[in-house]
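In the working numbering, the protein residues as written are 6 to 315. Glycine included, C-beta positions come from ideal geometry on N, C-alpha and C.
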Amino acid sequence: MDRPRTYPCGKLRPPAGPSRRQFVKGVLVGGAAAAAGCSKATMLGPIDATVGDGSTAHKTATDRVTIGSTGIVTSRLAMGSGTHGSNGSSDQVRLGMSTFVNQLTYGFSKGVTFFETADAYGAHPFIGQAVSQVGRNNVVVLTKSEAQTAAGMQADLDRFRRELGVDMIDIVLLHNKQSATWTTECAGAMDTLSAAKEAGVIRAHGVSCHTLSALQLAAATPWVDIDQARVNPDGILMDADPATVIALLKQMKASGKGVIGMKILGEGQLGNQVDRAITHAVGLDCIDAFTIGFTSTTQLDEVMQKIATV
């Protein structure tokens, strides 16, 4: 995932959520374990798959989970593309087109059907190439925009779809919100995403937060279908201590929001404590799925194996 940066503001379609104006008026390391029932390139797509409720005692990376109340069904593990990501690049993008695309399609062959990215990482063409190889209906794509205005978000949505080579993007989030009043500052972008969901251009919208106050606002905002939150056992690069963040994520889950964990390995700082970090993530009932950025298929295999043995 990307390092913290400061920004000015801090068809199976889900039911349309409240618009931002309606709210105001009312106030992400050899062998891998594939999930039972998931074959490789012939697996059911995210819309047709049997839904797993995520509540079984034994979880795997390729369990079919539903993201909140959105109706979006995908693998528990997402392949991220933003490790040390900023200014249009990341560790994954720096692998080069062939290597990173092969890594994504390898993950798909193992049952990972969730690709997570953001405009800031410069990975859209890589994700698009992988999607074209595995089939659009077989994967869920999440990306993030830094736009604040209606016009800026509309331009991003149009460009993102061209870069990804898709007509519809499953999940679009406001990226890296830090302000305690981001719903006001990003009102135009929020309204455009609401309209895009209503039109079937996206399936769900939400936010990723990088401060506690921004996260608290996300928990209290009905417009947020999905929150992408930083969580790991040591509080590394998180919005607050684990207990505080987890309490907010539980609040989100209770209100029907989808929650996707990121910074699971603390952007590599927990690389020598992978077992503990993965055990922590798998044990969190307040997250539906989590994303990890890999730079090799070996890392992916090892993490999938660890998830399966928790």
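Own chain residues within Cβ distance below 7 Å of residue i, not counting five before or after
{"i": "C291", "result": "I251, L254, K255, K258 and V264"}
{"i": "D172", "result": "R166"}
{"i": "I312", "result": "K64, T65, A66, L82, I283 and V287"}
{"i": "G112", "result": "M84 and L305"}
{"i": "L198", "result": "M158, V177, I207 and H210"}
{"i": "L1", "result": "Summary: the structure shown does not reach residue 1, with the chain confined to residues 6 through 315, and so no result is reported for it."}
{"i": "D280", "result": "K311"}
{"i": "G170", "result": "G133, V136 and S137"}
{"i": "A201", "result": "L162 and I207"}
{"i": "R141", "result": "V171"}
8 Å Cβ cutoff met for residue i and residue j
{"i": "H215", "j": "K182", "result": "yes"}
{"i": "S86", "j": "F131", "result": "yes"}
{"i": "L178", "j": "G211", "result": "yes"}
{"i": "L275", "j": "A245", "result": "no"}
{"i": "R208", "j": "D232", "result": "no"}
{"i": "T88", "j": "G298", "result": "yes"}
{"i": "T226", "j": "T189", "result": "no"}
{"i": "G73", "j": "D230", "result": "yes"}
{"i": "T300", "j": "D96", "result": "yes"}
{"i": "S184", "j": "A219", "result": "yes"}
Neighbour-count burial assignment, residue i, 16 or more Cβ in a 10 Å radius
{"i": "R69", "result": "buried"}
{"i": "A224", "result": "buried"}
{"i": "R164", "result": "exposed"}
{"i": "H63", "result": "exposed"}
{"i": "A234", "result": "buried"}
{"i": "G288", "result": "exposed"}
{"i": "Q108", "result": "buried"}
{"i": "Q138", "result": "exposed"}
{"i": "A286", "result": "buried"}
{"i": "M84", "result": "buried"}
{"i": "T186", "result": "exposed"}
{"i": "G261", "result": "exposed"}
{"i": "G93", "result": "exposed"}
{"i": "T296", "result": "buried"}
{"i": "N277", "result": "exposed"}
{"i": "D124", "result": "buried"}
{"i": "N143", "result": "buried"}
{"i": "G90", "result": "buried"}
{"i": "T314", "result": "exposed"}
{"i": "A40", "result": "For A40, the predicted model reports a pLDDT of 32, less than 50, meaning its position is unreliable; a value from the coordinates is still stated below. By the 10 Å Cβ count, A40 comes out buried."}
Cβ shell of residue i (< 8 Å), same chain only, five flanking positions each side left out
{"i": "G271", "result": "N237, D239, I241, L242 and A282"}
{"i": "G193", "result": "Q153, T154, A155, A156, G157 and M158"}
{"i": "G59", "result": "Note that G59 has pLDDT 43, beneath the 50 cutoff, so the model's placement of it is unreliable and the number below is only indicative. Closer than 8 Å at the Cβ level, and outside the excluded window around G59, lie D68, V70, T71, R81, D290 and D293."}
{"i": "M102", "result": "P130, F131 and Q134"}
{"i": "T249", "result": "L217"}
{"i": "E168", "result": "H129, P130 and G133"}
6 Å CB neighbourhood of residue i in its chain, flanking five on each side removed
{"i": "T79", "result": "P51, T118, F119 and V145"}
{"i": "A135", "result": "V106, L109 and T110"}
{"i": "T122", "result": "S86, A128, I132 and T148"}
{"i": "T104", "result": "none"}
{"i": "R99", "result": "none"}
{"i": "P247", "result": "G240"}
Which residues DSSP lists as bridging residue i, in chain order
{"i": "G85", "result": "E121 and G298"}
{"i": "T79", "result": "V70"}
{"i": "S91", "result": "S94"}
{"i": "M267", "result": "R235"}
What are the uninterrupted segments assigned as beta strand (DSSP E) that are 3 or more residues long and contained completely in the stretch 111-174, given in chain order? 119-121 and 145-150
What ranges does the alpha helix (DSSP H) occupy inside the stretch 172-233, keeping only unbroken runs of at least 4 residues that lie completely in it? 187-190, 192-204 and 217-224
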